[in-house]
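Asker: First the structure, then my questions, so here it is.
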Amino acid sequence: MSAIQQLAEQVGFHNEYTNCFGQQVYAEDESRASLLNAMGYDVSSEDIIYQQIETLKNSQWLRLIAPTEVIKEELSEPVVDIVLNENEQKLQYQVEMENGELVKGNVSVNDSDIESQKTIDKQSYRRVTLKLPKMPMGYHTLTVNSGERVATSTLIVAPQKCYQPSDAAAFKMWGLAAQVYSLRHSTSIGTGDFSALKRLVEQAGQKGASLIGVNPLHPLFPSNPAHRSPYSPSSRNFWNVMYLDPRAFPNFSDCKAVQEALERGENRTLIEQLNSQEHIDYAVSGRFKLSLFELLFKDFQEKHLSQSSALAQAFQSFRIEQGQDLDILTTYEALYEHFHQLDHNAYGWRDWPEDYQSPTTPAVKAFAEEFSDRIDFFAFLQWNADRQLTAIKETAERAGMPVGLYLDLAVGSDGGGADVWSNREVYVAGGAVGAPPDATNTIGQDWGLTPINPVALKEQGFQALIKPMRSCMRHAGALRIDHVLGYMRQYWVAPGKRADEGIYISFPFEDMLRVIALESQRSRCIVIGEDLGTVPEGFGEIMANAGLLSYRVLFFERWESGLFHRPEVYPEQAMVTVSTHDLPTVHGWWSGEDLNWRDKLKLYPNQEMGVQQRAQRISDREQLLAALDDAQVIAKNEHPSTHPPEMNIALARAVQSFLAKTKGAIQMIPLEDALGIEQQVNIPGTIDEHPNWLQRLSLSVDALWQHDYMQAVIETMNQQRPRS
Numbered sequence: 001m002s003a004i005q006q007l008a009e010q011v012g013f014h015n016e017y018t019n020c021f022g023q024q025v026y027a028e029d030e031s032r033a034s035l036l037n038a039m040g041y042d043v044s045s046e047d048i049i050y051q052q053i054e055t056l057k058n059s060q061w062l063r064l065i066a067p068t069e070v071i072k073e074e075l076s077e078p079v080v081d082i083v084l085n086e087n088e089q090k091l092q093y094q095v096e097m098e099n100g101e102l103v104k105g106n107v108s109v110n111d112s113d114i115e116s117q118k119t120i121d122k123q124s125y126r127r128v129t130l131k132l133p134k135m136p137m138g139y140h141t142l143t144v145n146s147g148e149r150v151a152t153s154t155l156i157v158a159p160q161k162c163y164q165p166s167d168a169a170a171f172k173m174w175g176l177a178a179q180v181y182s183l184r185h186s187t188s189i190g191t192g193d194f195s196a197l198k199r200l201v202e203q204a205g206q207k208g209a210s211l212i213g214v215n216p217l218h219p220l221f222p223s224n225p226a227h228r229s230p231y232s233p234s235s236r237n238f239w240n241v242m243y244l245d246p247r248a249f250p251n252f253s254d255c256k257a258v259q260e261a262l263e264r265g266e267n268r269t270l271i272e273q274l275n276s277q278e279h280i281d282y283a284v285s286g287r288f289k290l291s292l293f294e295l296l297f298k299d300f301q302e303k304h305l306s307q308s309s310a311l312a313q314a315f316q317s318f319r320i321e322q323g324q325d326l327d328i329l330t331t332y333e334a335l336y337e338h339f340h341q342l343d344h345n346a347y348g349w350r351d352w353p354e355d356y357q358s359p360t361t362p363a364v365k366a367f368a369e370e371f372s373d374r375i376d377f378f379a380f381l382q383w384n385a386d387r388q389l390t391a392i393k394e395t396a397e398r399a400g401m402p403v404g405l406y407l408d409l410a411v412g413s414d415g416g417g418a419d420v421w422s423n424r425e426v427y428v429a430g431g432a433v434g435a436p437p438d439a440t441n442t443i444g445q446d447w448g449l450t451p452i453n454p455v456a457l458k459e460q461g462f463q464a465l466i467k468p469m470r471s472c473m474r475h476a477g478a479l480r481i482d483h484v485l486g487y488m489r490q491y492w493v494a495p496g497k498r499a500d501e502g503i504y505i506s507f508p509f510e511d512m513l514r515v516i517a518l519e520s521q522r523s524r525c526i527v528i529g530e531d532l533g534t535v536p537e538g539f540g541e542i543m544a545n546a547g548l549l550s551y552r553v554l555f556f557e558r559w560e561s562g563l564f565h566r567p568e569v570y571p572e573q574a575m576v577t578v579s580t581h582d583l584p585t586v587h588g589w590w591s592g593e594d595l596n597w598r599d600k601l602k603l604y605p606n607q608e609m610g611v612q613q614r615a616q617r618i619s620d621r622e623q624l625l626a627a628l629d630d631a632q633v634i635a636k637n638e639h640p641s642t643h644p645p646e647m648n649i650a651l652a653r654a655v656q657s658f659l660a661k662t663k664g665a666i667q668m669i670p671l672e673d674a675l676g677i678e679q680q681v682n683i684p685g686t687i688d689e690h691p692n693w694l695q696r697l698s699l700s701v702d703a704l705w706q707h708d709y710m711q712a713v714i715e716t717m718n719q720q721r722p723r724s
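Going by UniProt numbering, the letters in the sequence shown line up with residues 1 to 724, in that order.
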């Protein structure tokens, strides 16, 4: 085994994996070396590599206690490992509970207490177990003093299971999934906004829905609104301010400047033009909305901040509550705007002068003082986003929705964004998260997202997981964790390598599930794990035991023979849906539009595979109809045409009725399927080749409910999954 391979194994990289076609794929040393280098390891010579291997092996012996320990809540006598040197015989400890309560103790170490030993540089180290009192769920601080050394550790006492759907409702639930940007409403300025979402929530709740699912709402780049993928955020904390409705700001009614701007002839023409387009013009829409937000902020400064009004105090309280995390994001956004104005090719911190590439430099602190007004502006926008999302949550509650908003937590952050800029210790700049080749993406995927170092993640108390979850759960009754498979093992692509040349690395999966369960229980938020792709053996059982719902997509739920799983096969601990934003709609799948796009974009590794998939789709249509017939959700005389394939309302209703029969706790229906839309939202592996994240619905939020497909679907849902 090469030195590089040994170091990679020590860090957690896998030597091989089995792909979805049953083939063994082996890691290459070149990829290993590149990724290890990105993680901060020196791979320039074998001697240096072996030194680092030894350092890693010894690191756990040279510290008194690990910086983070995850403890099972159900344990009556929890324990943690302590490492003492041969001179340390006694130990004092103190546990400061989250509520401020203190528990102290003293321990003398006997030979019988020693679990294991190791000699490093002629010094003997002994690992012993420290027994602690039972502690409530939460985050506590352990301090240990050996006489020679003092160390602290964060103790995360966490439950086994997440908050459950049965805790929220005593019935099987259904909801609609929407792309917020696609919504049309009277408030729209070229793109959907939070007021459109609020109206959708209100009306869907009245129609019997229990939840509304949306795309990730994380902040992107306000000064570069053309950066549009919601799965490539600047940060996973806070919100995308481009979804703000200026008319819903608390000072809108008193701000004549913004009202006049909206009524000005040329601006009304611009808004009409933006709203008439099939595809969103993010650049024009974003710049215009920012100009409106600036008028509102100037008004807020003059009438509220200067007077310390009740609204001003609420704004300042929000800033204090959100603390350093908000300061970092808003400072980053002011810096991004500043350098992007100087150089339109500056897309994030990596393109800035070196003095500005960390939030702690004197240059950044000086900038924050000089441009404090601009930082205040971006904080003002985040406060308004929080207010508008709170209003949506309250609307869902009034509409009788047991869940309300179902938000989406992206798998990672853009490498040039605020998250990576502010925490280079935990992010592996240079690497990229992706996925290996599978049946839907035969050349693999490189998502361009900067991965998190799993060791640093735990040592920092899982803050890079906790903070984004809390941000989402602040307003959500359910949370989708994108690519939850990556919490067990994550597929990394090295710089300059193809997506099919990636390597898996292990993550502290059990600990992460416990942390998720703790945050879920505290926020009373259901958690759905998007577990599509190359699934490791036993993964589903582990996830179910942790109380996460699995993600069951009709198109993928099949036996090896090709037959679709029947409704009774689906588990209760699941969210069921026909399709997702990365897959064809029902209409697109039936017509084969997705296959047309794959041909057009050359996404097949060879022409033969394209021919095979077209032939397979003919069989798939017959198999789907057979499953629908078997479940008695469609009559023979309602069958849509298969030659040529033509969509009809009976099929739109039947596929939803089929899933409604399953035991799955939650059923989600994409608006695209409820409206019979053929084009899919996003084709993975493409950026501008396909109109990803650009397509708007043809109907307004108020008009959706008159569509015959929508009416048929809602009637079916309320018959088979009534809210009672």
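All C-beta atoms in this analysis are idealised placements derived from N, C-alpha and C, irrespective of residue type, glycine included. Predicted model, so just to flag it, every value in this text is computed and none were measured.
1. Thinking C-alpha only, which one of G676, S641, S413 and E302 is nearest P233?
2. Can you tell me the Cα-Cα spacing of Q51 and E519, whole angstroms?
3. Pair every Cβ in the stretch 44–61 with every Cβ in the stretch 522–542, then say whether three or more of these pairs are closer than 8 Å.
4. Who does N423 pair with in a DSSP beta bridge?
5. Please state if the CB of A38 and the CB of G431 are separated by a distance shorter than 8 Å.
6. Apart from the five residues on each side of it in sequence, which residues of its chain come closer than 7 Å, Cβ to Cβ, to E115?
7. If distances are taken between C-alpha atoms only, which option among C20, S31 and T450 comes closest to A8?
8. Under DSSP, the beta strand (DSSP E) around H140 begins and ends at which residues?
9. Rounded to the nearest angstrom, what separates Q123 and G502 at their Cα positions?
10. Output needed for L75: all residues of its chain with C-beta closer than 8 Å, excluding positions within five of it in sequence on either side, in chain order.
11. The beta strand (DSSP E) with Q92 in it runs from where to where?
12. Considering only the beta carbon of each residue, do I714 and K207 sit closer than 8 Å?
13. Go ahead and pull the three-state DSSP assignment for E530.
14. Can you tell me which residues form a DSSP beta bridge with E69?
15. Which residues in the same chain as I48 place their Cβ atom closer than 7 Å to its Cβ, once the five residues preceding and following it in sequence are excluded?
16. Please report how far the alpha carbon of L262 lies from the alpha carbon of R268, in whole angstroms.
17. Under three-state DSSP, which class holds F221?
18. In the stretch 553–636, which residue ranges form an unbroken alpha helix (DSSP H) of at least 4 residues, counting only runs that do not cross its ends?
19. When the Cα of I4 is compared with those of I53, Q24, Y26 and F21, which residue comes out closest?
20. Could you give the residue range of the alpha helix (DSSP H) that holds T331?
21. How is the beta strand (DSSP E) around D47 delimited, first residue to last?
22. Which partner residues of G213 appear in the DSSP bridge assignment?
23. Skipping 5 residues on each side, what residues in its chain have a beta carbon closer than 8 Å to that of I443?
24. Let me know the alpha helix (DSSP H) ranges lying completely inside the stretch 626–702, each 4 residues or longer, listed in chain order.
25. Should K172 be labelled buried (16 or more other beta-carbon atoms within 10 Å of its own) or exposed?
26. Whole beta strand (DSSP E) runs in the stretch 490–515 with 3 or more residues, listed along the chain?
27. Sort R489, S523 and Q521 by Cα distance to F509 and report the nearest one.
28. Could you round the C-beta distance between Q656 and I669 to whole angstroms and report it? I think they count as a contact, below 8 Å.
29. Which of helix, strand or coil does DSSP assign to T442?
30. By alpha-carbon positions, which one of D376, L381, Y332 and E321 ends up nearest to Q357?
31. Using CA atoms only, rank isn't needed, just tell me which of Q10, M575, K161 and Q6 is closest to A517.
32. Do you know offhand how far H639's Cα is from F13's?
33. Straight-line CA distance for P246 to F252?
34. Please give the ranges of any alpha helix (DSSP H) in the stretch 215–301, keeping only runs that are unbroken, at least 4 residues long and fully inside the region.
35. Roughly how many angstroms separate the alpha carbons of P77 and V515, rounded to a whole number?
36. Which residues in the same chain have their Cβ closer than 7 Å to the Cβ of P420, if we skip the five residues on either side of it in sequence?
Answerer: With the given structure in hand:
1. Nearest to P233 by C-alpha distance, out of G676, S641, S413 and E302, is S413.
2. Spanning the two alpha carbons is a distance of roughly 39 Å.
3. The stretch 522–542 and the stretch 44–61 do not touch, with fewer than three beta-carbon pairs separated by less than 8 Å.
4. DSSP output for N423 lists no bridge partner at all.
5. Contact flag set, yes.
6. Hits under 7 Å: R127, V128 and T129.
7. Closest by alpha carbon: S31.
8. From DSSP, the beta strand (DSSP E) with H140 extends over G138 to N145.
9. In this structure, the alpha-carbon of Q123 lies about 40 Å from that of G502.
10. Hits under 8 Å: K134.
11. Judged by DSSP secondary structure, Q92 falls within the beta strand (DSSP E) whose first and last residues are K90 to E96.
12. In this structure, the beta-carbon distance from I714 to K207 falls below 8 Å.
13. If DSSP states are grouped into helix, strand and coil, E530 belongs with coil.
14. Beta-bridge annotation (DSSP): E69 is paired with L155.
15. Cβ neighbours of I48 beyond the five flanking positions: D42.
16. The alpha-carbon atoms of L262 and R268 are separated by roughly 6 Å.
17. If DSSP states are grouped into helix, strand and coil, F221 belongs with coil.
18. With a minimum length of 4 residues, the continuous alpha helix (DSSP H) runs that stay inside the stretch 553–636 are 586–591, 593–600 and 607–630.
19. Nearest Cα to I4 within the set I53, Q24, Y26 and F21: I53.
20. Element bounds for T331: A310 to L342.
21. Looking at the DSSP string, D47 is not in any beta strand (DSSP E); the run it does join, the alpha helix (DSSP H), is E46 to S59.
22. According to DSSP, which records beta bridges pairwise, G213 is partnered with A177 and Y406.
23. Same-chain partners within the cutoff: P437, R498, A499, D500, L603, P605 and G685.
24. You should have 649–660 and 671–674.
25. By the neighbour-count rule (16 or more Cβ atoms within 10 Å), K172 is buried.
26. Here the runs fully enclosed are 503–506.
27. Ranked by Cα distance from F509, the options R489, S523 and Q521 are led by R489.
28. About 6 Å; that satisfies the 8 Å criterion.
29. For T442, the three-state secondary structure derived from DSSP is coil.
30. With distances taken between Cα atoms, Q357 lies closest to Y332.
31. Taking A517 as reference, the option from Q10, M575, K161 and Q6 with the minimal CA-CA separation is K161.
32. The alpha-carbon of H639 is positioned some 50 Å away from that of F13.
33. One alpha carbon belongs to P246, the other to F252, and they sit about 7 Å apart.
34. With a minimum length of 4 residues, the continuous alpha helix (DSSP H) runs that stay inside the stretch 215–301 are 256–263, 265–276 and 282–300.
35. The sequence shown places Glu at residue 77, rather than the Pro named in the question. The alpha-carbon atoms of E77 and V515 are separated by roughly 19 Å.
36. Residue identity differs from the one stated: residue 420 is Val in this sequence, not Pro. When the five nearest sequence neighbours on each side are left out, the beta carbons in the same chain lying within less than 7 Å of the beta carbon of V420 are those of S413, Y427, A429 and T450, in order along the chain.
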